[in-house]
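*Asks:* Dumping the structure here so I can ask a few things about it.
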Amino acid sequence: MSAGLPEVDSALLQKRIDELALITEAQPPVVTRVLFSDADLRGRDYIRKLCEEAGLSVRIDAVGNMFARWKGSAPDAPAVATGSHTDAIPNAGKFDGVVGVLGGLAAIEALQDAGFKPMRSIELIVFTAEEPTRFGIGCLGSRMLAGAIPPEKVAALRDPEGASLDGLRGRAGLKDALESVVLPKKFYSAFVELHIEQGPLLEQQHIPIGIVQAIAGPSAYRVRITGEGGHAGAVLMPGRRDASLAASELALAVERAAHQSGSPDTVATTGKWEVFPNAINSVPCDVMLEIDLRDTCLETRDRALLLMRSASDDIATRRGVTIVWEEINADPPADGDPRTMEIAEDVALKLDLATARMVSRAYHDSLFMARVCPTTMIFIPCRNGYSHRPEEYSDPAHIAAGARVLAGTLARLSHEPP
Ligand code: GLV
Ligand code: MN
Ligand code: MN
């Protein structure tokens, strides 16, 4: 235990990251673990066993969020929490979310091995469906914990095949009412999430630890464009109402709006397209787009949205199509808690690890945990900033360093007086 801070078993942590990566719907090294898929459920079982072996008591709520608790000497005081997610988008890598879950467990085990006695209990959370892949909405588990989505809206969610979230969770043995997921007030005193940066800055600046001071606010829209179909050979060009061409114009308008918002932090992506009937010799009559729009500032995000909506009206009129927008979510940004950030920085300093404050442009469960209790995130570098792709990679030494900073931070927070 150097600098009074416990060592993390880096080799064991790597072994577990590698083992979990083999639980995938895709061909390794590609990781795909979509909510309630066999791989997602087996991945959770894998984590659950490790937590039980570490002597933590495990509870699973009605939407599948898993809580593994190390009981402190003041078990009734609000607990300190850490954690992240193990679901993975199609064609992903093995570190996104996983570093926060297995690194969180490694941090707890390091404290146990060092003989640390927590005052506040320390809890590891594995959040359900941080990724929006199956139901189109991100941070589902943490969103529900924070009471930021009505349970009836969750119950009504359907995946693209028409399967309901309620049916799928029932098949996974989760039977309690969705209303029970929301956390009581003052359940946690603080939350700290360890995560790979998913961007290039720490690596470029040779800084091992990022401390997250803000998380950009994500929003998402589903847009249905309806035109008129017909035979690709027989329908002449004048007067066509091609839904796919209208969608293409809209995607370009989305890009333009992000550039013109007035902030370099506005980003917008049209990443999901469904074209009907999707046949080479048929004029597309129906297109569904999903648009992801984010910003650190709500004013410029709103400005970009207005520009998109006005372009959409213009395209609809010019091309004779109908365009209907549906908001999937529009979440405000979150701020890091100053005191929690300072504690993490102080721990890193004691470990001789340089830190930088940064903004998370990706969203995380911390976006919603920040509504529940004081929150920050610890970022570690990842190669070339790659994430959401199989080439995602973080150096074992960086992962272990992040887990050590987390361990020290959890220890300090656990002894914070009420
Ligand atoms: C999370 O995965 C995000 O899309 O930011
Ligand atoms: Mn992700
Ligand atoms: Mn993640």
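So the sequence shown is numbered by our numbering: it starts at 11 and just counts up by one. In this text, a Cβ means the ideal position worked out from N, Cα and C, and glycines have one as well. Computed from a predicted structure; not experimentally measured.
Indicate the three-state DSSP secondary structure (helix, strand or coil) for Gln-223 in the structure shown.
*Replies:* In the structure shown, Gln-223 sits in a strand (DSSP, three-state: E or B).
*Asks:* Go to Gly-93, then tell me how far its beta strand (DSSP E) extends in each direction, as first and last residue.
*Replies:* Per DSSP, Gly-93 belongs to the beta strand (DSSP E) from 89-95.
*Asks:* Taking 8 Å as the cut-off, is the C-beta of Glu-207 nearer than that to any heavy atom in ligand 1?
*Replies:* Answer for Glu-207: no, Cβ out of range of ligand 1.
*Asks:* Taking its Cβ as the centre, do 16 or more other Cβ atoms sit within 10 Å of Thr-332, making it buried, or is it exposed?
*Replies:* Exposed is the call here.
*Asks:* Is Ile-99 near ligand 1, with its Cβ less than 8 Å from a heavy atom?
*Replies:* The answer is yes for Ile-99.
*Asks:* Spell out a yes or no on whether the segment 411-426 and the segment 228-238 are touching, meaning 3 or more CB-CB pairs, one atom from each, closer than 8 Å.
*Replies:* They do not touch, by the three-pair rule.
*Asks:* How many angstroms separate the CA atom of Gln-37 from the CA atom of Ser-47?
*Replies:* Approximately 15 Å between the Cα atoms of the pair.
*Asks:* What span of residues does the alpha helix (DSSP H) with Tyr-56 cover, start to end?
*Replies:* Taken as a continuous stretch (DSSP letters only), the alpha helix (DSSP H) holding Tyr-56 covers 48-63.
*Asks:* If you measure from the CB of His-269, is any heavy atom of ligand 3 nearer than 8 Å?
*Replies:* No; taking the cut-off as 8 Å, the Cβ of His-269 has no heavy atom of ligand 3 nearer than that.
*Asks:* Between Lys-185, Met-154, Ser-152 and Ile-147, which has its C-alpha nearest Arg-10's C-alpha?
*Replies:* Because the chain spans 11 through 428 in this model, residue 10 falls outside it and cannot be assessed.
*Asks:* For Pro-342, which residues in the same chain have their Cβ closer than 7 Å to its Cβ, ignoring the five residues on either side in sequence?
*Replies:* Same-chain partners within the cutoff: Gly-227 and Leu-308.
*Asks:* Where does Arg-130 fall in DSSP's three states?
*Replies:* Arg-130: coil per DSSP, three-state reduction.
*Asks:* Would you check whether ligand 1 has a heavy atom nearer than 8 Å to the C-beta of Tyr-442?
*Replies:* Since the displayed the chain opens at 11 and closes at 428, residue 442 lies outside it and no answer follows.
*Asks:* Which residues mark the beginning and the end of the beta strand (DSSP E) in which Phe-201 is found?
*Replies:* 198-206 is the extent of the beta strand (DSSP E) around Phe-201.
*Asks:* For Ala-102, which residues in the same chain have their Cβ closer than 6 Å to its Cβ, ignoring the five residues on either side in sequence?
*Replies:* Result list for Ala-102: Val-41 and His-398, in chain order.
*Asks:* For Pro-391, does the three-state DSSP call read helix, strand or coil?
*Replies:* Pro-391: coil per DSSP, three-state reduction.
*Asks:* Taking the alpha helix (DSSP H) that Val-108 falls in, what are its first and last residues?
*Replies:* Where Val-108 is concerned, the enclosing alpha helix (DSSP H) stretches over 108-123.
*Asks:* Keeping to the same chain, check which residues put their C-beta closer than 6 Å to that of Ala-78; ignore five residues upstream and five downstream.
*Replies:* Answer for Ala-78: Cys-61, Leu-66, Val-68 and Leu-134, listed in chain order.
*Asks:* Tell me whether Ala-300 counts as near ligand 1, meaning its Cβ is closer than 8 Å to at least one heavy atom of that ligand.
*Replies:* Looking at the sequence provided, one finds Glu at residue 300 rather than Ala. No, the Cβ of Glu-300 stays beyond 8 Å of every heavy atom of ligand 1.
*Asks:* Looking at Thr-279: is its Cβ nearer than 9 Å to the Cβ of Leu-303?
*Replies:* Their beta carbons are under 9 Å apart, which means Thr-279 touches Leu-303 by this criterion.
*Asks:* Is it right to say Ala-116 is buried, meaning 16 or more other beta carbons lie within 10 angstroms of its own, or is it exposed?
*Replies:* Buried, because 16 or more other Cβ atoms sit within 10 Å of the Cβ of Ala-116.
*Asks:* Bridge partners of Leu-299, per DSSP?
*Replies:* Beta-bridge pairing links Leu-299 to Val-233 and Trp-283.
*Asks:* Using a threshold of 8 Å, is the CB atom of Pro-400 nearer than that to any non-hydrogen atom of ligand 1?
*Replies:* Because no heavy atom of ligand 1 lies under 8 Å away, the Cβ of Pro-400 does not count as near it: no.
*Asks:* Please check the pair Val-192 and Ala-72, which I expect to be a contact at CB under 8 Å, by giving their CB distance rounded to whole angstroms.
*Replies:* Contact flag wrong, Cβ pair sits at about 10 Å.
*Asks:* Could you check how far apart the C-beta atoms of Glu-138 and Leu-150 are, in whole angstroms? I think they sit under 8 Å.
*Replies:* The question names Glu, but residue 138 in the sequence shown is Thr. Indeed they touch by this definition, with Cβ atoms about 6 Å apart.
*Asks:* From the DSSP output, read off the bridge partner residues of Pro-218.
*Replies:* Pro-218 is not bridged to any residue.
*Asks:* Between the Cα of Ala-257 and those of Ile-99, Gly-237, Pro-194 and Val-222, spot the shortest distance and give me the residue it belongs to.
*Replies:* Of the listed residues, the one whose Cα sits closest to Ala-257 is Gly-237.
*Asks:* Among Asp-345, Val-382 and Ala-413, which has the Cα closest to the Cα of Val-369?
*Replies:* It is Asp-345.
*Asks:* Please work out which residues of its chain come closer than 7 Å, Cβ to Cβ, to Phe-378, disregarding the five sequence neighbours upstream and downstream, and give them in chain order.
*Replies:* Counting only Cβ-Cβ distances below 7 Å, and skipping sequence neighbours, we find Cys-149, Ser-152, Arg-153, Leu-155, Ala-156 and Ala-158.
*Asks:* Quick one: does the C-beta of His-216 sit closer than 8 Å to a heavy atom of ligand 3?
*Replies:* No; taking the cut-off as 8 Å, the Cβ of His-216 has no heavy atom of ligand 3 nearer than that.
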